[in-house]
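A short write-up of the structure that comes next.
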Amino acid sequence: MELTYLHEPALDSLSERLPCPTYRQEPLRTGIVHIGVGGFHRSHQAYYIRELLQKQDAFAWGISGVGLREGDRKINEVLHKQDSLYTLMVQHPDGKVDSQIIGALREYLLAIDHPESVVGKLAHPDTKIVSLTITEGGYNFNASTGEFNFENPDIQHELKHRGQPRTVFGYLTAALSARRAAGVKAFTVLSCDNIQHNGAMAKKMLLAFAREQDPELGQWIEENVSFPNTMVDRITPVTTSADIDYLKEKYQLVDEWPVVCEPFIQWVIEDDFVNGRPPLEKVGVQFVPDVSPYEKMKIRLLNAGHSVLGIPGALHGHPTINACMEDPVFVAFMRRFMDQEATPVLGAVEGIDLEQYKDKLEERFANPNIKDAVSRICSESAAKLPKFLIPTIQENLSSGGSIRYASLIVAAWCYYSDKEVSEKGEPLEIIDAMQPQLREAAQKTGNDPLAFLRQRDLFGDLVENERFTKSYVEYIDRICQGAGVRKLMAELL
Ligand code: CS2
Numbered sequence: 001m002e003l004t005y006l007h008e009p010a011l012d013s014l015s016e017r018l019p020c021p022t023y024r025q026e027p028l029r030t031g032i033v034h035i036g037v038g039g040f041h042r043s044h045q046a047y048y049i050r051e052l053l054q055k056q057d058a059f060a061w062g063i064s065g066v067g068l069r070e071g072d073r074k075i076n077e078v079l080h081k082q083d084s085l086y087t088l089m090v091q092h093p094d095g096k097v098d099s100q101i102i103g104a105l106r107e108y109l110l111a112i113d114h115p116e117s118v119v120g121k122l123a124h125p126d127t128k129i130v131s132l133t134i135t136e137g138g139y140n141f142n143a144s145t146g147e148f149n150f151e152n153p154d155i156q157h158e159l160k161h162r163g164q165p166r167t168v169f170g171y172l173t174a175a176l177s178a179r180r181a182a183g184v185k186a187f188t189v190l191s192c193d194n195i196q197h198n199g200a201m202a203k204k205m206l207l208a209f210a211r212e213q214d215p216e217l218g219q220w221i222e223e224n225v226s227f228p229n230t231m232v233d234r235i236t237p238v239t240t241s242a243d244i245d246y247l248k249e250k251y252q253l254v255d256e257w258p259v260v261c262e263p264f265i266q267w268v269i270e271d272d273f274v275n276g277r278p279p280l281e282k283v284g285v286q287f288v289p290d291v292s293p294y295e296k297m298k299i300r301l302l303n304a305g306h307s308v309l310g311i312p313g314a315l316h317g318h319p320t321i322n323a324c325m326e327d328p329v330f331v332a333f334m335r336r337f338m339d340q341e342a343t344p345v346l347g348a349v350e351g352i353d354l355e356q357y358k359d360k361l362e363e364r365f366a367n368p369n370i371k372d373a374v375s376r377i378c379s380e381s382a383a384k385l386p387k388f389l390i391p392t393i394q395e396n397l398s399s400g401g402s403i404r405y406a407s408l409i410v411a412a413w414c415y416y417s418d419k420e421v422s423e424k425g426e427p428l429e430i431i432d433a434m435q436p437q438l439r440e441a442a443q444k445t446g447n448d449p450l451a452f453l454r455q456r457d458l459f460g461d462l463v464e465n466e467r468f469t470k471s472y473v474e475y476i477d478r479i480c481q482g483a484g485v486r487k488l489m490a491e492l493l
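Residue 493, in the UniProt record's numbering, is where the sequence shown stops; the numbers in between run on with no holes.
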């Protein structure tokens, strides 16, 4: 059979091969503008919207995608070619793959090329929600003070040249200011990033920027925009060429950027929307008055658990999270970390059995068909660990709880930051916006064992805590003497 290129006119013939959207002909409006259309948005929020649209419901809630960065040029090109359609491939542990075409995205705008169209879209009365997956780094806060970072050159540019937005803050304020002037209701800002209190964080940062720009606009935003906190969850590894080839072979379908994910999905949201919302409860989304315990549980167990596997995994030479889970030392170490360090400072989460939650995490991490590369997990550790792992250490230091597993991971992270090859001799691919700083600090460790911990923007005052530094330096010494990190993990079991 001939290959079919994914785009709107091909849907008829493709629907004989795999499930395709049945709602594309409807007069779909784009009530949601999403900023940061990566794999995760496409496997998670867009999937839920697809579920609603498939029920012939909620035609006001199509999604308009926006990319703010030069790095979004490729997704822009692919989505334009494919009429915003893409394939979602759900990988089951038994090898079954459920593939379907998702049509919840209606359009995609690259802000660098079309800044006015993006502001216009955000300011349009049909836009009721602006959702975000801009990663931890996108919130532009200073990790040690938690305050908005006005020193960022893009922010300074935006403050000087109001009509030339560059960051999410410039775009949101430009659009909100236009809405205010035109008497159009504000929108809800829905953060879907892995940050505890992500809505509150989005609010604090946006208000700091807006007040600096125009105090009255800041006031209006405070009174008219809502920022519900959310907890989002679905493991979505980076798409590989093997995934693209699979679709060609199995369905004779050419999709240049499909998305792969696990079967598990969860979205918990605080029900605080100023301009309406889709009826997501019909497709399994949980609306709760306070999302904090869920976020905390997810960040401190799932996300931290990932790093606890990923950093030593990269050093040892395990390529993926599921490969780590085939190694009994890694499995036991991660579970000890979760049971003895993360759980005791977590507190109870209403309606959730934490033992079951952790068992399920082990099962999810072990899914042999997800093949989540440790390089993805280790990427941007400087933005992740201060949120995922360091608070657990700080709380255990206050309560007298165990810190031995987590301190080994911090020592391993220091070692990793200046490492070019794994213990098996394979090159390590370190992706981190702060890599120059991390490497410099790691390199000083030979002369000053605490050099890495002196990065207060990452570790706060951890360097002053003797109990922590003692444990950390012991590991640093052992690692520097050549003890493999897996051996040190095994000794703690
Ligand atoms: C991962 C997350 O990048 C990471 O560190 O832990 O991307 C994780 O896969 C998602 O949060 C799962 O919902």
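Every residue gets a Cβ at the ideal spot worked out from N, C-alpha and C, and that includes glycine.
Quantities reported herein were computed from a predicted structural model and do not represent experimental measurements.
Please confirm whether G67 and V97 have their CB atoms less than 8 Å apart.
Translated into the one-based positions of the sequence shown, residue 67 becomes position 67. Translated into the one-based positions of the sequence shown, residue 97 becomes position 97. Contact flag unset, no.
I'd like the ranges of any beta strand (DSSP E) spanning at least 3 consecutive residues and lying wholly in the stretch 213-275.
230-233, 259-261, 266-270
Closer than 7 Å to a non-hydrogen atom of the ligand CS2 - does that hold for the CB of I377?
Sequence index remark: in the sequence shown, residue 377 carries index 377 (1-based). Checking the Cβ of I377 against the ligand CS2 gives yes.
Please report the straight-line C-alpha distance between T240 and R376, rounded to a whole angstrom.
Sequence index remark: in the sequence shown, residue 240 carries index 240 (1-based). Sequence index remark: in the sequence shown, residue 376 carries index 376 (1-based). Using only the alpha carbons, I get a separation of about 12 Å.
Once DSSP output is grouped into helix, strand and coil, what is the label at V90?
What you label residue 90 is simply residue 90 of the sequence shown in a count that begins at 1. Three-state result, V90: strand.
With DSSP run on the structure shown, which of helix, strand or coil describes P125?
Locating residue 125 in the sequence shown gives position 125, counting from the first residue. Reduced to three states, the DSSP call for P125 is coil.
With 16 as the cutoff for other CB atoms within 10 Å, does Y5 come out buried or exposed?
Mapped onto the sequence shown, residue 5 falls at position 5. Flag for Y5 reads exposed.
At 4 residues or longer, and completely inside the stretch 382-422: list those alpha helix (DSSP H) runs for me, N to C.
390-399, 404-417
Answer yes or no: the CB of V232 versus the heavy atoms of the ligand CS2, is any distance below 7 Å?
Within the sequence shown, numbered from 1, the residue matching residue 232 stands at position 232. V232: yes, Cβ under 7 Å from the ligand CS2.
Answer yes or no: the CB of N101 versus the heavy atoms of the ligand CS2, is any distance below 7 Å?
Looking up residue 101 in the sequence shown gives position 101. With the sequence shown as reference, residue 101 is identified as Ile, and Asn is not the correct amino acid for it. No.
In the DSSP output, what is Q100 paired with across the bridge?
In the sequence shown, the residue the question calls residue 100 occupies position 100. In DSSP, Q100 forms a bridge with L88.
Which residue marks the beginning of the beta strand (DSSP E) containing Y108, and which one marks its end?
One-based indexing of the sequence shown puts residue 108 at position 108. Segment 105-110, the beta strand (DSSP E) holding Y108.
If we ignore side chains and look at the alpha-carbon of each, how far apart do I112 and E70 end up?
Mapped onto the sequence shown, residue 112 falls at position 112. Mapped onto the sequence shown, residue 70 falls at position 70. Straight-line Cα distance between these residues: approximately 7 Å.
Tell me which same chain residues have a C-beta within less than 7 Å of the C-beta of V410, skipping the five on either side of it?
Locating residue 410 in the sequence shown gives position 410, counting from the first residue. These residues qualify, in order along the chain: Y472.
Where does A373 sit, in a helix, a strand or coil, going by DSSP?
Here residue 373 refers to the residue found at position 373 of the sequence shown. Correct three-state label for A373: strand.
Counting only the same chain and skipping the five closest in sequence on each side, list residues whose C-beta sits under 7 Å from that of S422.
Position 422 of the sequence shown, counting from 1, holds the residue named residue 422. For S422, where only same-chain residues beyond five positions count, the Cβ hits under 7 Å are A314, L315, H316, G317, L428.
Provide the residue(s) that pair with V37 in DSSP beta bridges, ordered along the chain.
Mapped onto the sequence shown, residue 37 falls at position 37. BP columns for V37 are empty, so no partner.
What is the C-beta distance between Y86 and R42, in whole angstroms, given that I count them as a contact (C-beta under 8 Å)?
Walking along the sequence shown from the start, residue 86 turns up at place 86. Walking along the sequence shown from the start, residue 42 turns up at place 42. Sure, about 6 Å apart at Cβ, within 8 Å.
Pull up the CB-CB distance for T188 and S226, whole angstroms please, since I reckon it's below 8 Å.
The residue you call residue 188 lines up with position 188 of the sequence shown. The residue you call residue 226 lines up with position 226 of the sequence shown. With a Cβ gap of about 5 Å, T188 and S226 count as contacting.
Three-state secondary structure (DSSP) at F148?
The sequence position of residue 148 within the sequence shown is 148, counting from 1. In the structure shown, the three-state DSSP call for F148 is strand.
Give me the Cα-Cα distance between N164 and N224, rounded to the nearest whole angstrom.
Numbered from 1 along the sequence shown, position 164 holds the residue referred to as residue 164. Numbered from 1 along the sequence shown, position 224 holds the residue referred to as residue 224. Checking the sequence shown, residue 164 turns out to be Gln, not Asn. Straight-line Cα distance between these residues: approximately 24 Å.
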